[in-house]
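A quick write-up on the structure given underneath.
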Amino acid sequence: MNRNSALVVGGGAAGLQTAVDLASMGIDIYLIEKQPRLGGHTPLLHQVFPTIENAEELTKQLLQKFLNNPNIRILSYAQIESVTGSTGNFLVHVSKTARYVDEAKCTNCGECEKVCPVDVPKKFEMGLATRKAIHLPKPFAVPAKYLIDKDTCLHFKDKSCHACQDACPEGAVVYDQKLLREELSVSAIVLATGFCQYDAQKVGQYKHGVYPNVITGMEYERLCSLTGPTGGKILRIDNKERPKSVVFILCVGSRDEKHLHYCCNIGCLNALKHAYYLKKQYKEEVDAYICYTDIRAVTKQGEQFYQKVRASEVEFIHGQPSEVRQTLNGFLTLDVYDLATSKLLSITADLVVLETGFKPEVNLHEKLQLILDEDSFFTEKHPQLASNETTRNGIILAGAVLQPMHVHEALISGSAAAMKVLSCIRGSSTNH
Ligand SMILES: Cc1cc2nc3c(=O)[nH]c(=O)nc-3n(C[C@H](O)[C@H](O)[C@H](O)COP(=O)(O)OP(=O)(O)OC[C@H]3O[C@@H](n4cnc5c(N)ncnc54)[C@H](O)[C@@H]3O)c2cc1C
Ligand code: SF4
Ligand code: SF4
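Residues in the sequence shown are numbered from 339 upward in steps of one, following our numbering.
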């Protein structure tokens, strides 16, 4: 086996950083990403607080150091099946889901997509955009290779269509492509599997999934993004009209005994950023309200950004609305008691944005026999002295799977994990 090798699970900001750092030190890296594209959550965002940089550009810069690196092998659309062995000597079984398009042959010309008759609503785009059954996994299609969504393709339903195969000039469409299995030998494993959002529908009083104009912070990011369903125009979801009033509600599902106990660490700065996008687009033609529990803008430039947004005629209300109601003509109404002025306010809004909490993506704990704590985070080897190590030697954590964190923290955490892997590899080579 190759003792100078490591497996990174998760191709978000943290996993990419770990892989780049280790590859630059001569370690052979396998990077497994379960989705057909790399980047994780970051390239889905419009801009990144507090510097307000373009999120896709930021991810592209990170990837420049990564792609074509001879020490990194990317396995996208892949999953871990099982892991045996121990530090210095892990054996990992991986399966790669069929794309039904030969990655080596696909040139990303798009001829197949033009002839596909099936339109499918795009995940994350609130039903405002569709894609074809054969498609590039946008936004941020890295690797830039097409795939067929078997569940909606007519060929897989009843063999009634083979238009994409006929249209592909490279002969890349392969309907009988099989799932590929592979065995990897590695010295250490980094789990950079990130987070998932808390289900806003569980906070039933805000009616996400019931009223179309109640959306999550991530859905709002897509609405603001140039690659999103409206090309960056912030619009009502039901009638695509310009909103005149938008309410942002913080701590949805966070710091709440009935939901997640902990602070999401992102929602306050997110709401500030979201109100900033709105005011930048519509200026005084729109009313923006932020309903908060506390404002925690604790990063280096966070306070500065908070002061900037406060000065931009955004109304801050110290309290959480009891519920969201919808009038017959589709407007949303909210009552909220403002602790700062001791007044009960009644607000009418076109859009309500829920800044939801986050849960760690710990989908591998059973396969890896790792213990979770009461909030479903991985239990660390030691909360202070070894907070990015798991209870199994050689399995290291990076990024938002550790705790909710910002992009720059995920990158630092990715680098820290790389150093830990290096010491595992050096330790195991001196022991053999
Ligand atoms: C609405 C919203 C707005 C945000 N805005 C900002 C902002 O403005 N500024 C900022 O600093 N931060 C922001 N963040 C936070 C930012 O998205 C995170 O800091 C960043 O995504 C963390 O990167 P990560 O690599 O740790 O996790 P992720 O981005 O979640 O990446 C994890 C990757 O692991 C993959 N994965 C999971 N399980 C497996 C598995 N079993 N096998 C293989 N792959 C797997 C996932 O598919 C994913 O690609 C925002 C987050 C949200 C939700
Ligand atoms: S075979 Fe499937 S993916 Fe290809 S064009 Fe027909 S419906 Fe679309
Ligand atoms: S037509 Fe063929 S080569 Fe072109 S994007 Fe589609 S699968 Fe790839």
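We put the beta carbon where it would ideally sit given N, CA and C, even for glycine.
Taking a cut-off of 8 Å for Cβ pairs, the segment 485-505 and the segment 465-474 touch, as three or more such pairs fall below it. Within the segment 595-657, the complete beta strand (DSSP E) runs of at least 3 residues fall at 625-630, 653-656. Contact between Leu749 and Gln355 is confirmed by a C-beta separation of about 5 Å, below the 8 Å threshold. At a cut-off of 8 Å, the beta-carbon of Tyr484 counts as near ligand 3: some heavy atom of the ligand is closer than that.
Within the segment 493-533, the complete beta strand (DSSP E) segments at least 3 residues long are 518-524, 526-529, listed from N- to C-terminus. In this chain, the beta strand (DSSP E) harbouring Gln417 covers 416-424. For Gly569 and Gln722, the gap between their C-alpha atoms comes out near 45 Å. The C-beta distance from Ile553 to Leu588 rounds to 15 Å, too long to meet the 8 Å contact threshold. Taking a C-beta distance under 9 Å as the contact criterion, Glu718 and Asn726 qualify as a contact pair. Under the Cβ criterion (8 Å, minimum of three pairs), the segment 502-521 counts as touching the segment 446-466. In this structure, Val647 has its CB at a distance of at least 8 Å from all heavy atoms of ligand 1.
For Leu708, there is no enclosing alpha helix (DSSP H), as DSSP gives it neither H nor E. A straight line joining the alpha-carbon of Asn608 with that of Gly752 spans about 22 Å.
A distance below 6 Å between beta-carbons, with the five flanking residues on each side excluded, links Lys372 to the following residues of its chain, in chain order: Gln417.
For Val584, the CB stays at least 8 Å from every heavy atom of ligand 1. Closer than 8 Å to some heavy atom of ligand 3: that does not describe the Cβ of Ile709.
Under the DSSP assignment, Tyr558 falls in the alpha helix (DSSP H) whose first and last residues are 555-562. The segment 536-547 makes no contact with the segment 704-716: fewer than 3 CB pairs, one atom from each, lie closer than 8 Å.
Between Pro388 and Leu376, the alpha-carbon positions lie close to 23 Å from each other.
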